[in-house]
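Some notes on the structure that comes next.
In the numbering used here, the protein residues as written are 1 to 66.
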């Protein structure tokens, strides 16, 4: 499943790394693409959306819909 999430407080490459690490704790095979300019994160995953958003939130980021 492909998720499109907006992460308004993602500001730099370190943020992208933190978000990617959080997602991969839930689904190690996930593919994460993030754009700090648009604040959009695309995730290709087999995990439930709620599990992914909870992991990103636990890493200290705000998640909103696309």
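For every residue, glycine included, the Cβ atom is placed at its ideal position computed from N, Cα and C.
Quick caveat: nothing in here was measured; it's all calculated off a predicted structure.
Buried/exposed call for residue i, threshold 16 Cβ in 10 Å
i, result
"residue 50", "exposed"
"residue 15", "buried"
"residue 31", "exposed"
Beta-bridge partners of residue i, as assigned by DSSP
i, result
"residue 41", "5, 34"
"residue 64", "6"
Rounded separation between residue i and residue j - CA only
i, j, result
"residue 34", "residue 41", "4 Å"
"residue 24", "residue 62", "17 Å"
"residue 10", "residue 57", "12 Å"
"residue 26", "residue 37", "25 Å"
"residue 55", "residue 48", "11 Å"
"residue 13", "residue 1", "24 Å"
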